[in-house]
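If you're matching positions, the sequence shown starts at 1 in full-length UniProt numbering and goes up one per residue.
Backbone N, C-alpha and C define an ideal beta-carbon position, used for all residues, glycine too.
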Amino acid sequence: MIYTYVISVPVNVKMPSLSPTMSEGSIVQWSKKEGEEVAPGDVLCEVQTDKAVVALETDEEGTLAKIIVNANEPGIKVGDLIALIAGPGEDWKEVAASAPAVAPALQSSKEEKPAAAAAPQPAVSKTVATPKTEGLIPRSSAMGPAVRALLHQHNLNASQIPATGPHGQLLKGDVMAFIAGGGACTSPTPAGVHSSPATAAQVSVPPAAAFIDIPLTNMRQTIAKRLTFSKSSIPHTYVRGVASLDHILALRKNLKSRIGLRLSVNDMIIKACALALRMVPEMNATSNETTGTAVLQTAVDICMAVATPSGLITPILFNADITPVSQLSQMAVALAKRARDGKLQPREFQGGSFTISNLGMFDISEFTAVINPPQVAILAVGTGRPKAVSVDAQNGVLFSNRVTLTLSVDSRFVSEVVAGRFLSRVSQLLGEPHLLLSDDPLASAGLQDTSTREPDAFDVLMLSNQAVSAVQAKPTQGKA
């Protein structure tokens, strides 16, 4: 008889690299507890990367035996051990007992930190007795600028103040406490000069203002690095234009009243930019810093900037040019919610060929945005505002809702002419919103239809999955 023995080996769960720029992360929370069974596809924990909070799924089957890294412990390097999973049939308690209390990589990093050097002791003369002082007398080089300023302001001698800092370092709090306690504002008296004793003047010191230290998250540190790189390495050129929102607003009202379809102005702007990128393919590109070339992208994948508690993130609307605008609207709402909840998957925010940042909801007239590398352009959208456009003797002053669009481009790869042509296409599409709703506006009508008929004359011909698949313009028969 042949006996087969299956030996289960505990699975090491390590901090994964969840983005191209991620070098370290932290555990936001553990979704499984020690002793709980896990199966492929189960979420072990949520990891804060340099871009978002990502759910870490396991491919293993067994029991979570030991959590090595606790939640909210910062600076966990990629590849560090964070947990152990016992295999099927294996005693998870034995695995937990044999697990290291601290991940080896973390332990080694702590051991590698050099111990603080002991403060040098002042030389003592063998013939001259040195009086004892309360605390170590700090060297002037060890005092911070705030301490120096207080000493100078109140004419204090550092040697008279007890120091509580490490290795006898004089701290700002030491000086403040000395002053608040009625410390004398004296300086060393020159030799040969005698002064009569005087009562120390009481110095009124205002209490220090309360404050809260907010540490930078991995995500904000990465944002800062990318913005610094972008502004220092990419020559930004700005092109500004104004587009009319009158027909967009009328069409939104029309669709809502007729079929209950709710579209935002931002949905229309995203679709207009997607179609304009197809018309001006030079804008739908990314840069290759190694070769110094622009890479034209075949897919139109638009990133939309979303503010989250951890920082700004740009989830992607894939194939926005061929996706119905109402479907884009649903996708945008879902992506924004997952972004704010920290539930985005890496594939949902890595990549993209163009970015739109819209601050219109904050009543911002206009602003300039920093290019999101390796993309070569970003569009900043302000608030739509009524603007007087003409004066009519019969109707008086006529107003139009206008929005300012500011395009930032990488002038290494995008010229002002190309940027202007793209912005002009976007403005024209926003002025003719029926093109944004048709099946194939480029093949059927392009930009040849320059009519100014009111959107209320549009008839919705076909609806599929709550998405407008075709809207045609035709003369109104009677009252719309």
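Handout entry: Three-state class that DSSP yields for D392 in the structure shown
Key = D392 falls in the strand class under three-state DSSP.
Practice task
With distances taken Cα to Cα, identify the nearest neighbour of G62 among A305, L335, D321, V11.
Solution key: Measuring from the Cα of G62, the nearest candidate turns out to be V11.
Practice task
Report the residue from L429, L398, T355, V426 whose alpha carbon sits nearest the alpha carbon of S408.
Solution key: Of the candidates L429, L398, T355, V426, the one whose C-alpha sits nearest the C-alpha of S408 is T355.
Exercise for the section: Mark L275 as exposed unless 16 or more other C-beta atoms lie within 10 angstroms of its C-beta, in which case mark it buried. Expected result: buried
Problem - Given A419 as reference, the closest of L379, D213, F318 once Cα atoms are compared - result: Here the closest residue by C-alpha is L379.
Handout entry: Backbone secondary structure at N372 - three-state DSSP
Key = Correct three-state label for N372: coil.
Exercise for the section: Alpha carbon to alpha carbon, how far is M268 from R278? Give it in angstroms, no decimals. Expected result: 16 Å
Practice task
Would you grab the beta carbon distance between A243 and L436 for me? Rounded to a whole angstrom, and I think it's under 8 Å.
Solution key: Incorrect: roughly 13 Å between the Cβ atoms, too far for contact.
Problem - Beta-carbon proximity list for D392, same chain, < 8 Å, skipping 5 on both sides - result: Closer than 8 Å at the Cβ level, and outside the excluded window around D392, lie L398.
Problem - Own chain residues within Cβ distance below 8 Å of L312, not counting five before or after - result: I223, A305, V306
Practice task
Report the option in T49, Q29, P162 whose CA atom is closest to the CA atom of Q221.
Solution key: T49
Practice task
Measure the Cβ-Cβ separation of A285 and S353 and say whether it is below 8 Å.
Solution key: In this structure, S353 lies closer than 8 Å to A285 by Cβ.
Problem - Under the three-state DSSP convention, the category G135 falls into - result: Note that G135 scores a pLDDT of 43, beneath 50, so its modelled location is shaky and nothing firm can be said.
Handout entry: Identity of the residue in P374, G41, A177, A149 nearest T21 by Cα
Key = P374
Practice task
Whole angstroms is fine: what's the gap from K32's alpha carbon to Q345's?
Solution key: Straight-line Cα distance between these residues: approximately 19 Å.
Problem - Reference D28, options M15, E34, C45, E36, closest by Cα - result: The question names Asp, but residue 28 is Val in the sequence shown. Nearest C-alpha to V28: C45.
Practice task
Decide if L64 is buried, meaning its Cβ has at least 16 other Cβ atoms within 10 Å, or exposed.
Solution key: buried
Practice task
Please list, in chain order, all residues of the same chain as G351 whose beta carbon is under 7 Å from its beta carbon, the five residues on each side excluded.
Solution key: D301, I316
Handout entry: Same chain only: Cβ atoms within 8 Å of F318, ignoring 5 sequence neighbours per side
Key = A299, D301
Handout entry: Reduced DSSP secondary structure (H/G/I, E/B, other) of S408
Key = strand
Problem - Residue nearest to G292 in terms of C-alpha spacing, selected from S233, T308, A336, K51 - result: S233
Handout entry: Range covered by the beta strand (DSSP E) that runs through Q221
Key = Where Q221 is concerned, there is no enclosing beta strand (DSSP E), although the alpha helix (DSSP H) it sits in stretches over 218-233.
Handout entry: Under the three-state DSSP convention, the category R240 falls into
Key = strand
Exercise for the section: Output the boundary residues of the beta strand (DSSP E) element that contains L81. Expected result: 81-86
Exercise for the section: Quick one: grab the DSSP three-state call for P20. Expected result: coil
Practice task
Tell me whether the beta-carbon of V47 lies closer than 8 Å to the beta-carbon of L81.
Solution key: no
Practice task
Please name the residue, chosen from I364, R338, G144, that lies closest to A163 on a Cα-to-Cα basis.
Solution key: G144
Problem - Bridge partner(s) assigned by DSSP for A177 - result: According to DSSP, A177 bridges with nothing at all.
Problem - Residues bridged to V397 [DSSP beta-bridge criterion] - result: As a beta-bridge residue in DSSP terms, V397 pairs with V391.
Problem - Nonlocal neighbours in the same chain, by C-beta distance under 7 Å from P281, ignoring five residues either side - result: L296
Exercise for the section: Starting from the C-beta of E37, find all residues in its chain whose C-beta is less than 6 Å away, skip the five residues before and the five after it, and write them out in chain order. Expected result: T63
Problem - 8 Å Cβ cutoff met for V414 and V381 - result: no
Handout entry: Residues that Q29 bridges to, as DSSP identifies them
Key = E46
Handout entry: Beta-carbon spacing of I248, P386 below 8 Å
Key = no
Practice task
Give the range of the beta strand (DSSP E) segment to which G311 is assigned.
Solution key: 311-313
Exercise for the section: Spell out the partners DSSP gives E432 in its beta bridges. Expected result: According to DSSP, E432 bridges with nothing at all.
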